[in-house]
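Position 500 (the sequence shown) corresponds to 500 in the UniProt record's numbering; numbering is contiguous.
Just so it is clear, CB atoms sit at the ideal spot from N, CA and C, and this is done for glycine as well.
Quick caveat: nothing in here was measured; it's all calculated off a predicted structure.
What follows is a short report on a single structure.
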Amino acid sequence: MLLKTDQRTLYYFPADSSENSSEDPGDVPRFAIQLNNELPLSQQDLKKLSIKDKLEVRNSSGKYQVYLNDNLVGVLGRDRVNELKFFKMQWDNGLKMINERRLNSGNTANYQDENVGEVDEQINNSSSSLSRRLSENKDGFIIPGDLILRAVTWNLFGKPIYENSDEEFGKLLILEDGSFADLYFFCFQETVPLTATNLHSSPERVKGWVTILLSILNKTTKSDNDDSFISIKTNRLLGLTSIVLAKQKYSKQIGHINTKSLGTGLLGVWANKGSISIDFKIGSDDLSNTKGLAIQFLNCHLASGASKDVLIHRRNELFDIEKKLKIDGRGKLANEKWIESYNEEYVYETLYENQDNENINSLLYSMNLADPEENDDEMFQIVDQKKTAPTSSSNNTEKEKLNVQESDVKDSSKDTTDSIIFVCGDLNYRIFLERTTIDEYLDNNDEGIDKMLKFDGLSQEKQGGKIFLDFKEGPIKFKPTYKFKSLDYDLTRSPAYTDRILYTDHEKLDQTNYNSIMDFNSSDHKPVVADFKLSQIPLIDYEKRSEIMSKYFKETDKLENDSRPTVEISDLDLEATEVPILAPTELTTVLKNNGDTKLSWELIDLNEQPFAKYENEFFHILELDPKNGDLPIGESATITIRATLPIGLPSFSHTSILRVHNAQDFFISYKFTARDTYFGKSLDLLNEALKTVDSNTLDITDSNSTDVETSAPSSDVKKLSVSSATTTFGGIPKQIYQLVDFLSGNSYDEMFDFEKAEFYKLTELEIEIMSDIDANADLDIKRLDIENLAYKHSATRAVSKILLILLNNLEGGVVPPDIAIELINSYYSKGNQKLSNDSNDNVNGSFRMFKSKEDIVLHLSELLPGLRANVLIFLCNFLKVCYLNCGGDSVDNKFTRSLILEKFKEILISLPMKISRKKMVLDSRARNLKKRRNEIIDILIFSD
């Protein structure tokens, strides 16, 4: 079962509910938590439920906050309270079962929770364990397969070599047959310079290497292709860097990933030397108890030097690495019998003879320093500073525990019988020969290499049973990898095989290549690569695994649904057509309880805000009434789905889950389809759709009132009207003309004074007016007059609201933004010659071209299509009529110039929603487009 909140989804899988399940510690409940819309669950997502996994619900601001172990999972609305109660009841039952097992095993620790509910025994006793089902069918989805692996080790000499375009990094990646491996492990040493003043690793350099390597691997592969590569894990400690890359199709096979780090340098704490680890399992599946193959990669940088004391020191380093990083497997890094004490002072001098002693001393006093931005990178690891030979019985002190840096993920169930350990790095072993002898052997190629290896320090130590017990190393057929100056050996140092790759033997592992790449010249070391084939290892076929899980869930759901009461729904597919815009429309269905117990039910949205762009704080498309309730035996409840379609949304489809507690879920689908409407259409479509008469241009003003002074109208000024009892519309779409005609004769000063919220709630009269408009019918003037008489100005306000809705939703407006810019640009002329002596006409060197309404109207007729010019002038004259009818400039007139401009400026002349400063400077002769737009509207409305 699952609980989906606004942020994350919490999954819960009950344990096997057989009679003896409380005594069976092998099967426990499991859970997982995922961000919404993540990929399907995989085995690494599932965790065993423990007694400490407390699910808590907190009430906050009318909503429920769900917490798991004091971490917020997400928020649920109050309408989902029953779903939340049922989920928590099952969760708490799992905790109760775990506690009972603890009591039965003799553990007296008890767990009590007041909210633990009773378990539905019938459901639990009939369900099967998911874990058991997968275990029984693992042969159906665990498919043996082959993997090609390449390990690379390279000491980078403290340089950001990935920035060097001269190096061919593809040679690090391409196998001998020209293909790519499936899995890569890169071990870099000295990623940053190992100086006494350098205390931290560089995440930038790690990122740089990951970027360059992936760019080469994915050069010819799309990112969503299964054969494309991704980064699985990285680890870093000062100069040590480890990177695991894998093909995307194998990434889900890799789980239980852990990282560890250990510094073994100066006084056993400085991380200029040490080891970092990345370990994981391939093909493991906890649910089916499939262990998979455990792989661990160790990246080591050991002490340098060729003396006996340094040799013993390296044994101690390997012993510390094995013990403190808890290397569990078939091989041992160091033989405990050969761990000896050594001359610490000599090793100190050998290791740091090139360091500034003053800086070293300063560093020792700084051992508590840490970069707060590098939480995963401790440069100083505090340990027991006494250099004595460790024994197998010695216990880790508190300081020794601090020496090991581990990831938060612990793998306590590591299977040591099926694991492989790879050790890669600059192990710093030398050849115990004189330089002249080494040079002679180098000239003899293969025969010389074989002779040199007899004196190789690592080979001698390994053959003597002192280090790397049960580890293998491929045949070395390449020359020493250290120390170089460009492509030639450094004459000041003897060549050595410092860079090595070793591994524990495994029946499914075969080494196919072991070589060095001598072409790189950016470091004093050459990279070493080793290729391996993993044959017939267990890999998970997630499609087949998913089929088994889906079948299990369906069977479980069927068992649960069969045991639940019977309910009846009258209709699950509802539809309404010819729905009026902005008018609530209802669909209903009936829920009947045919069972033997009282039912609790609720409605849950399946789609989350699919049409959010149409909604705001005042308007919501969907309303469910009621959203939940209780239903007695034999009773019925009517569920109403109410939708209000906004302008611009032709249809609305949605699905809700009708969730009946302890019964089957029902999916109710409903669709609302709007009728044809003229709201939201362009002027051109309105003009084409309706009959208009273009023979005469309508004069909206009264011919007897052309000389009326607007500054002080007398009380006996005749009310102006746009109508002359004509039956034509003068080139104006009928929808607009009828509304304006009524308002011009019934205007009052508060008819356009609406709050925003009022536009989203229409009265019955307003809905009828919209219906008349959409039906191309004449307005019912008689009814409007009666309404005005019965309720003062009620019809006028209704008509004015519908007019604003119609005009505000005109597609493209009256004057579209592109034409508006051209109009404003042509309103001014820029040049050296003054067009007027009036200082008000001169604005920053620009001069008004049109100073009268007649000039602008003439220009509009040239600039705008006839329909838009007519409507613009018509509306401007209408607004002047209303302004004069309401009292003009009288102090008592609430229909002021500023109100007219506020309500109608965007309707009349629309500006672009967003204009860049660059565009304003280049395309306009004015910096303030709004100001000049308002000047034009003012002239069109209020000038004679």
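Below 8 Å on the Cβ atoms is my contact criterion, and I expect P816 with L911 to pass it. Report the Cβ-Cβ distance as a whole number of Å. The residue given as residue 816 occupies position 816 in the sequence shown. The residue given as residue 911 occupies position 911 in the sequence shown. About 10 Å; that fails the 8 Å criterion.
Nearest to S636 by CA position, among F672, R675, T673, T589, is which residue? Numbered from 1 along the sequence shown, position 636 holds the residue referred to as residue 636. Distances from the CA of S636 to each of F672, R675, T673, T589 were compared; the closest alpha carbon is that of T589.
So, with DSSP's three-state summary, where would you put H793? The residue you call residue 793 lines up with position 793 of the sequence shown. It is coil, neither helix nor strand.
Let me make sure I understand the geometry here. Which of K54, G62, S131 has the alpha-carbon closest to that of N93? Residue numbering aside, residue 93 sits at position 93 when the sequence shown is read from its first letter. Nearest C-alpha to N93: K54.
Could you give the first and the last residue of the continuous beta strand (DSSP E) run that contains D309? The count along the sequence shown starts at 1 and reaches residue 309 at position 309. DSSP places D309 outside any beta strand (DSSP E); the residue lies instead in the alpha helix (DSSP H), whose first and last residues are 308-324.
Tell me the DSSP secondary structure of Y489 in three-state form. Reading the sequence shown from its first residue, position 489 is the one you call residue 489. Secondary structure of Y489 (DSSP, three-state): strand.
Tell me the DSSP secondary structure of S129 in three-state form. Translated into the one-based positions of the sequence shown, residue 129 becomes position 129. Three-state DSSP puts S129 in coil, outside helix and strand.
From I769, P527, Y791, residue whose alpha carbon lies closest to that of I781: As a working mapping, residue 781 is identified with position 781 in the sequence shown. Of I769, P527, Y791, the smallest CA-CA separation from I781 is found for I769.
Apply the 10 Å Cβ neighbour rule to I633 and answer buried if 16 or more other Cβ atoms are within range, or exposed otherwise. Mapped onto the sequence shown, residue 633 falls at position 633. Around the CB of I633, fewer than 16 other CB atoms lie within 10 Å, so the residue is classed as exposed.
Residues near R545 in its chain [Cβ-Cβ closer than 6 Å; skip 5 each side]: The count along the sequence shown starts at 1 and reaches residue 545 at position 545. Excluding sequence neighbours, R545 sits near F141.
Cβ separation of L175 and A181, assumed to be a contact under 8 Å, to the nearest whole Å: In the sequence shown, counting from the first residue as 1, residue 175 sits at position 175. In the sequence shown, counting from the first residue as 1, residue 181 sits at position 181. Between L175 and A181 a beta carbon distance of about 6 Å is seen, short of the 8 Å cut, so the two are scored as contacting.
Are there 16 or more other CB atoms within 10 angstroms of the CB of I786, so buried, or fewer, so exposed? Position 786 of the sequence shown, counted from the first residue, corresponds to residue 786. By the 10 Å Cβ count, I786 comes out exposed.
Grouping DSSP H, G and I as helix and E and B as strand, with all else coil, what is E935? Here residue 935 is taken as the residue at index 935 of the sequence shown, counted from 1. Helix at E935.
Taking S251 as the reference, which of A303, S275, Y184 has the closest Cα? Within the sequence shown, the letter at position 251 stands for residue 251. Selected option, being the one with the closest Cα: Y184.
Can you tell me whether S304 is helix, strand or coil according to DSSP? Taking the first residue of the sequence shown as 1, we reach residue 304 at position 304. Looking at S304 - three-state DSSP - the assignment turns out to be coil, as it is neither helix nor strand.
F484 to D439, Cα distance in whole Å? Taking the sequence shown and counting its residues from 1, the one referred to as residue 484 is at position 484. Taking the sequence shown and counting its residues from 1, the one referred to as residue 439 is at position 439. Pairing F484 with D439, the inter-Cα distance amounts to about 14 Å.
Quick test of your reading: V73 and Y64, contact by CB under 8 Å. State the CB separation rounded to the nearest angstrom. As a first step, residue 73 must be located in the sequence shown, where it is residue number 73. As a first step, residue 64 must be located in the sequence shown, where it is residue number 64. About 11 Å separates the Cβ atoms of V73 and Y64, ruling out a contact at the 8 Å cut-off.
Specify, as a first and last residue, the run of the beta strand (DSSP E) that K756 falls within. Numbered from its first residue, the sequence shown carries residue 756 at position 756. Where K756 is concerned, there is no enclosing beta strand (DSSP E), given that its DSSP letter is neither H nor E.
Coil, strand or helix - L940 by DSSP: If you number the sequence shown from 1, residue 940 lands on position 940. For L940, the secondary structure class from DSSP, reduced to helix, strand or coil, is helix.
For E167 and R8, what's the separation of their Cα atoms in angstroms? Here residue 167 corresponds to residue number 167 of the sequence shown, with the count starting at 1. Here residue 8 corresponds to residue number 8 of the sequence shown, with the count starting at 1. The alpha-carbon separation between E167 and R8 amounts to approximately 46 Å.
I'd like the span of the alpha helix (DSSP H) that includes N893, first residue to last. For the purposes of this step, residue 893 is taken as the residue at position 893 of the sequence shown. Taken as a continuous stretch (DSSP letters only), N893 belongs to no alpha helix (DSSP H), as it is neither H nor E.
Residue(s) in a DSSP beta bridge with S277: Here the question's residue 277 lines up with position 277 in the sequence shown. When beta bridges are read from the DSSP output, S277 appears opposite K260, L298.
Give the straight-line distance between the Cα atoms of S419 and I254, rounded to the nearest whole angstrom. Counting from 1 along the sequence shown, the entry for residue 419 is found at position 419. Counting from 1 along the sequence shown, the entry for residue 254 is found at position 254. A straight line joining the alpha-carbon of S419 with that of I254 spans about 14 Å.
CB of T153 within 8 Å of CB of I501, strictly: Position 153 of the sequence shown, counted from the first residue, corresponds to residue 153. Position 501 of the sequence shown, counted from the first residue, corresponds to residue 501. In contact: T153 and I501 (Cβ atoms closer than 8 Å).
Whose C-alpha, out of S771, C424, L572, F652, is nearest the C-alpha of F471? Position 471 of the sequence shown holds residue 471. The option with the nearest alpha carbon to F471 is C424.
Limits of the alpha helix (DSSP H) - the one that G629 falls within: Position 629 of the sequence shown, counted from the first residue, corresponds to residue 629. Where G629 is concerned, there is no enclosing alpha helix (DSSP H), although the beta strand (DSSP E) it sits in stretches over 628-631.
Rounded to whole angstroms, what is the Cα-Cα separation between L803 and I657? The residue given as residue 803 occupies position 803 in the sequence shown. The residue given as residue 657 occupies position 657 in the sequence shown. L803 and I657: Cα-Cα distance of roughly 40 Å.
Going along the chain, which residues of its own chain have a beta-carbon closer than 8 Å to the beta-carbon of S394, five neighbours each way excluded? Taking the sequence shown and counting its residues from 1, the one referred to as residue 394 is at position 394. Since pLDDT at S394 reaches only 35, below the 50 mark, its modelled position is unreliable, and no value is offered.
In angstroms with no decimal places, state the Cα-to-Cα distance between D286 and G329. Start at 1 with the first residue of the sequence shown, and residue 286 comes out as number 286. Start at 1 with the first residue of the sequence shown, and residue 329 comes out as number 329. Taking the straight line from one Cα to the other gives about 20 Å.
Please determine, among L245, I873, Q296, the residue with the shortest C-alpha to C-alpha distance to K260. Walking along the sequence shown from the start, residue 260 turns up at place 260. If we check each option's Cα against that of K260, Q296 comes out closest.
Classify I501 as helix, strand or coil using the three-state DSSP reduction. Within the sequence shown, numbered from 1, the residue matching residue 501 stands at position 501. Three-state DSSP puts I501 in a strand.
Assuming Y503 contacts I421 (C-beta within less than 8 Å), just tell me the rounded distance between them. Along the sequence shown, read from residue 1 onward, the residue named residue 503 stands at position 503. Along the sequence shown, read from residue 1 onward, the residue named residue 421 stands at position 421. Correct: roughly 7 Å between the Cβ atoms.
Does R797 pass the burial test, meaning 16 or more other C-beta atoms within 10 Å, or should it be called exposed? Along the sequence shown, read from residue 1 onward, the residue named residue 797 stands at position 797. Classification of R797: buried, given that the 10 Å Cβ count is 16 or more.
According to the neighbour-count rule (16 or more other Cβ atoms, all chains shown, within 10 Å of its Cβ), is L491 buried or exposed? As a working note, residue 491 is residue 491 in the sequence shown. Looking at its Cβ environment, which holds fewer than 16 other Cβ atoms inside 10 Å, L491 is exposed.
Assigned secondary structure, H859 (DSSP; H/G/I helix, E/B strand, else coil): Position 859 of the sequence shown, counted from the first residue, corresponds to residue 859. Residue state, collapsed to three classes: helix.
When you compare only the Cα positions, how much space is there between D938 and L901? Numbered from 1 along the sequence shown, position 938 holds the residue referred to as residue 938. Numbered from 1 along the sequence shown, position 901 holds the residue referred to as residue 901. Cα atoms of D938 and L901: separation of roughly 8 Å, rounded to the nearest angstrom.
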